[in-house]
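Note that the working numbering has the sequence shown beginning at 2, numbered continuously upward. All residues carry an ideal CB built from backbone N, CA and C; glycine is no exception. Keep in mind it's a predicted model, so treat the numbers as computed, not measured. I have placed the structure first, in the form of structure tokens, so that the comments after it can refer back to it.
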Amino acid sequence: MNKEKPMVKMPNEEFDKFMCQKFPELFQDRNKPMSETCMCWGFDTGEGWNQILYDLCEKLDFIRSQTGIITVFDQIKEKFGGGRFYYHIEYDDKFPCKLQDHIREIWCNFISEAVDKAERESECTCGICGEQYFHDKISVGGWVYDTCKDCMLKDTGNSRFKDLAERLEQKEKRDDRLWQLKCKIERMKNEELSLVEKTCDEIEARTKTIVT
Ligand SMILES: [Zn+2]
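This is the structure in structure tokens:
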């Protein structure tokens, strides 16, 4: 069921170089100055999203090779724990056949949907391990994290998570204490109940003795 995700292990710097070499048209603005593009910051996303970005670019590059419509990325970043992949469209002047406007429009809509889909996928994909998660986004003090709970707890050495991991640990301890208290009350209730039953039995037994 799990799809192979070879890109997820690739460190950010290496992934950046790999993507620019593999898709030069899509990342043609990567090394332009910051006065012109935010793409100069590179891939401002966790390695867990590498595969999503690769799969998206493979699709967009195929469209480019067939139509001359180039999706040029302006910025790749994370916001509120989800991906924001900004781009603009350019047309390859040297492309042999010119598309009619309405056909171009259909392709541009397709591109927009593909980018949307990748952004939505990143919303529930861990930025560290690349696995999908099904719990709510973890947020502390208005800061929303792009990671799953497991990675968050595992990565306590990372200063970004240290504070949060401690809070989660405290919460779990608190929950554990609550649970123990609940069990104690339940036990007491049961003990009390058995005591009442025992007393009733005893009373019944004595009454019987008196009657007979
Ligand atoms: Zn994870």
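DSSP three-state assignment for residue i, whether helix, strand or coil
i	result
aspartate 75	strand
glycine 143	coil
arginine 85	strand
threonine 126	strand
lysine 60	helix
methionine 2	Caution applies to methionine 2, whose pLDDT of 43 falls short of 50 and renders its modelled position unreliable; the model cannot decide the point.
asparagine 13	helix
glutamate 203	helix
In DSSP terms, what residue i is bridged to
i	result
isoleucine 90	Thr72
aspartate 45	Lys78
glutamine 133	Thr126
Cβ-heavy atom distance, residue i to ligand 1, below 7 Å
i	result
glutamate 79	no
isoleucine 129	yes
cysteine 149	yes
aspartate 132	A small correction: the amino acid at residue 132 is glutamate; aspartate does not occupy that position in the sequence shown. Yes, the beta carbon of glutamate 132 sits closer than 7 Å to at least one heavy atom of ligand 1.
cysteine 152	yes
Proximity test, Cβ basis, 8 Å: residue i and chain D
i	result
tyrosine 87	The structure shown contains no chain D, having only a single protein chain.
Nearest-angstrom Cβ-Cβ length linking residue i and residue j, presumed shorter than 8 Å
i	j	result
glycine 47	isoleucine 129	6 Å
glycine 84	serine 113	Going by Cβ atoms, the distance from glycine 84 to serine 113 rounds to 15 Å, so no, they are not a contact pair.
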